[in-house]
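Chemist: Please see the structure below; I have some questions.
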């Protein structure tokens, strides 16, 4: 039976001023997922890690995405999915998106690429709905397309890949839990026109900074006057991390997804490491456990690492 | 006495989803302004057209801009400014910005370019304040820099030139009066987060469309869910013009500045002319007088056309 194995990347969504519309993929950490056709109807989930994620397909992020795909595959009975997660669920770096995106890209390879990337995003969003109650694509799209992606619109789906310059990313994951649904609930449903204008000036600047490979402009545009002031309250040490990381050489950064992870972008590897040190110092002082990742933007997205008949 | 003459372009501000942050310059119409040093203190205004604009410097758009410049010129006593306007005041295509930008660029040439473009924008905004009560740069910046400009922030001033592809512009100016201050007053001061997200998805898409020279993306992103639904009510025939122009081949468009002019972007000259016909048909049917302009995006901004010692 043919088996396809993929590595599916962590992703940073929102990207400060790009709430709900921007995301990028990371070169680490990555989940490993394998898939094979099955004679059992539906999706059989086999977890190969210690996270005790649900094995009932409807309740499992990968499972829900694959079930959505199966609806459009009258000739396929079922899949068996093996999942080995390295991206901690609830960390805010797209753990659920990695599960959903990895599963559908692997399945599509098994199906000899019957679907387009846009189809795969559509299926994978069913996984996001299981995870957070909302179909959003700002982690899914960069996981599948790689690089920096703009989701101009979800209905209809309009994804644009932005050719960003080389960027180094430092992430700190303080070990507290912020539920995506909670982080969404505390947002104000009305914003002032003045703040909205400031925000769209910044998102326009950030997109221009990426496309013109203008690091200073990227740095200046990484400002969020709407979401961050509300959500950062949920993350101990946020203001200090942000300020110290900029002093250490980061271009800028903010909350990754809905948190609690914080990401920072830097122009080179040395700055990204200095930023990591700054992050560690803050959480060592607070006495809060954490993980850090020092990596780069992943241009490829989900990667096929094995495709064998065993 | 040395005299410098410039042509100062009309401009389209806001550009649908880019309220307060985006603008571009047009190759026509243009105002003609000339300037010379004067032994009279302050700014002497000589109008060479029939618009009866104020000649008291403080109340005149060009005058206010030049007075702001004079504050930083202890060695200059005064200027004499000759103004011949072709851009009708109140048309919504940056008539006041052309007066202010033209005056300061001409003066700067007289001063052998003592000031930067950013300085000139700063001075010219004093002219905009006289015209509309608000210092805004979304007409001034493209008039001075040329092309498509993003004003990421006004305080501090952060202007980014965006390298857009060749674009044809059709403008219709229905002969009604919409005062900028009125158009500003009817705006809601609070917007829903949902609409704000849609808007910043579109502005991000529009900037990406310009920089990636992606005409379809430009067209898809020319959508305004916040300002246009409110302001378009002030412009008779707006919805019909927009819909018929798209049918005629326009990529998209909307209110120019705060109106009443409507602009449309097209990929080629033939489409821009078909769009003009569509505009004319609507206003002929309504029975409202109008002017149209069929032109292209002006890459240069204010242009020195003569610099002589007479």
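Chains as they are written, first to last, in the numbering used here: chain A, 1 to 310; chain B, 1001 to 1310.
Note that beta-carbon positions come from the ideal geometry of N, C-alpha and C, so glycine has one too.
Since this is a predicted model, take the numbers as computed values, not measurements.
Would you say residue 152 of chain A lies against chain B (beta-carbon separation less than 7 Å)?
Modeler: True, the Cβ-Cβ gap to chain B drops below 7 Å.
Chemist: So, under 8 Å CB-CB, residue 1143 of chain B and residue 1097 of chain B are touching, yes? Tell me the CB distance rounded to an integer number of Å.
Modeler: That pair is a contact at about 5 Å.
Chemist: For residue 197 of chain A, would you say it is in contact with chain B, using Cβ-to-Cβ distances shorter than 7 Å as the test?
Modeler: True, the Cβ-Cβ gap to chain B drops below 7 Å.
Chemist: Shortest alpha-carbon distance to residue 1051 of chain B belongs to which of B:1029, B:1079, B:1058, B:1087?
Modeler: Among B:1029, B:1079, B:1058, B:1087, the Cα nearest to that of residue 1051 of chain B belongs to B:1087.
Chemist: Excluding the 5 residues preceding and the 5 following residue 1115 of chain B in the sequence, name in chain order all residues of the same chain whose CB lies nearer than 6 Å to its CB.
Modeler: Closer than 6 Å at Cβ, skipping near neighbours: 1108.
Chemist: For the alpha helix (DSSP H) holding residue 1285 of chain B, just list the boundary residues, first then last.
Modeler: Residues 1269-1286.
Chemist: Would you be able to state if there are at least three C-beta pairs under 8 Å between the segment 298-306 of chain A and the segment 277-285 of chain A?
Modeler: As far as the Cβ criterion goes, the segment 277-285 of chain A does not touch the segment 298-306 of chain A, which means the pair count is below three.
Chemist: Given this structure, state the Cα-to-Cα distance separating residue 27 of chain A from residue 150 of chain A, to the nearest angstrom.
Modeler: Whole-angstrom Cα-Cα distance: 19 Å.
Chemist: Pick helix, strand or coil for residue 89 of chain A, following the three-state DSSP scheme.
Modeler: Correct three-state label for residue 89 of chain A: coil.
Chemist: Between which two residues does the beta strand (DSSP E) carrying residue 15 of chain A extend?
Modeler: Segment: none, residue 15 of chain A is in no beta strand (DSSP E) and carries neither H nor E.
Chemist: Anything in chain A within Cβ reach of residue 1265 of chain B, meaning under 7 Å, just list it in chain order.
Modeler: Within 7 Å Cβ-Cβ: nothing; residue 1265 of chain B doesn't reach chain A, min ~17 Å.
Chemist: Compare the C-beta of residue 1185 of chain B against all C-beta atoms of chain A and say whether one is closer than 7 Å.
Modeler: No, because no Cβ of chain A sits closer than 7 Å to the Cβ of residue 1185 of chain B.
Chemist: Taking a contact to mean a Cβ-Cβ separation below 7 Å, would you say residue 306 of chain A touches residue 5 of chain A in this structure?
Modeler: Going by C-beta atoms, residue 306 of chain A is nearer than 7 Å to residue 5 of chain A.
Chemist: Among B:1061, B:1123, B:1077, B:1092, whose alpha-carbon lies nearest the alpha-carbon of residue 1255 of chain B?
Modeler: Nearest of B:1061, B:1123, B:1077, B:1092 to residue 1255 of chain B, Cα basis: B:1092.
Chemist: Quick check: what's the CA-CA separation for residue 101 of chain A versus residue 1286 of chain B?
Modeler: Cα to Cα, residue 101 of chain A sits roughly 53 Å from residue 1286 of chain B.
Chemist: Could you please give the first and the last residue of the uninterrupted alpha helix (DSSP H) stretch that includes residue 1130 of chain B?
Modeler: Where residue 1130 of chain B is concerned, the enclosing alpha helix (DSSP H) stretches over 1117-1132.
Chemist: Going by CA-CA distance only, name the one from B:1197, B:1016, B:1111, B:1075 that's closest to residue 1035 of chain B.
Modeler: Measuring from the Cα of residue 1035 of chain B, the nearest candidate turns out to be B:1111.
Chemist: With 16 as the cutoff for other CB atoms within 10 Å, does residue 224 of chain A come out buried or exposed?
Modeler: Under this definition residue 224 of chain A is a buried residue.
Chemist: Within 7 Å (strictly less), CB to CB, does residue 192 of chain A reach chain B?
Modeler: Yes, because at least one Cβ of chain B sits closer than 7 Å to the Cβ of residue 192 of chain A.
Chemist: Ends of the alpha helix (DSSP H) at residue 239 of chain A?
Modeler: Its alpha helix (DSSP H) spans residues 238-247.
Chemist: Using CA atoms only, rank isn't needed, just tell me which of B:1259, B:1295, B:1126 is closest to residue 1270 of chain B.
Modeler: Answer by Cα proximity: B:1295.
Chemist: Say whether chain A places a C-beta atom closer than 7 Å to the C-beta of residue 1118 of chain B.
Modeler: It does not: the Cβ of residue 1118 of chain B has no partner Cβ on chain A nearer than 7 Å.
Chemist: Under 7 Å between the Cβ atoms of residue 208 of chain A and residue 1207 of chain B?
Modeler: The answer is yes: Cβ separation under 7 Å.
Chemist: Using a Cβ-Cβ cut-off of 6 Å (strictly less than) and excluding sequence neighbours within five positions of residue 1094 of chain B, which residues of its own chain qualify?
Modeler: Result list for residue 1094 of chain B: 1010, 1011, 1139, in chain order.
Chemist: Out of curiosity, what's the CA-to-CA distance linking residue 32 of chain A and residue 145 of chain A?
Modeler: So the alpha carbons of these two residues sit roughly 17 Å apart.
Chemist: Between residue 1083 of chain B and residue 1077 of chain B, what straight-line distance do the alpha-carbon atoms span, to the nearest angstrom?
Modeler: Near 20 Å, if we compare the C-alpha coordinates of residue 1077 of chain B and residue 1083 of chain B.
Chemist: Just how far apart, CA to CA, sit residue 1235 of chain B and residue 234 of chain A?
Modeler: If I take the Cα positions, the gap works out to 46 Å.
Chemist: Return the residue from the list B:1292, B:1015, B:1237 that minimises the CA-CA distance to residue 1226 of chain B.
Modeler: Considering only alpha carbons, the answer is B:1015.
Chemist: Give me the Cα-Cα distance between residue 253 of chain A and residue 220 of chain A, rounded to the nearest whole angstrom.
Modeler: In a straight line, the C-alpha of residue 253 of chain A is about 10 Å away from that of residue 220 of chain A.
Chemist: Can you give me the C-alpha to C-alpha distance between residue 1217 of chain B and residue 1063 of chain B, rounded to a whole angstrom?
Modeler: Looking at the two C-alpha atoms, the distance is approximately 41 Å.
Chemist: Among B:1057, B:1113, B:1075, B:1066, whose alpha-carbon lies nearest the alpha-carbon of residue 1304 of chain B?
Modeler: Per the Cα distances, B:1113.
Chemist: Between the alpha carbons of residue 134 of chain A and residue 186 of chain A, how many angstroms are there, rounded?
Modeler: Cα-Cα distance, rounded: 15 Å.
Chemist: Which class does residue 56 of chain A belong to by DSSP, given the choice of helix, strand or coil?
Modeler: Correct three-state label for residue 56 of chain A: coil.
Chemist: If you follow the alpha helix (DSSP H) that residue 207 of chain A is part of, which residue opens it and which one closes it?
Modeler: 193-211 is the extent of the alpha helix (DSSP H) around residue 207 of chain A.
Chemist: By DSSP, does residue 1069 of chain B sit in helix, in strand, or in coil?
Modeler: If DSSP states are grouped into helix, strand and coil, residue 1069 of chain B belongs with the helices.
Chemist: Determine contact between the segment 1151-1165 of chain B and the segment 1240-1248 of chain B, defined as no fewer than three beta-carbon pairs at a distance below 8 Å.
Modeler: Short answer: they don't touch.
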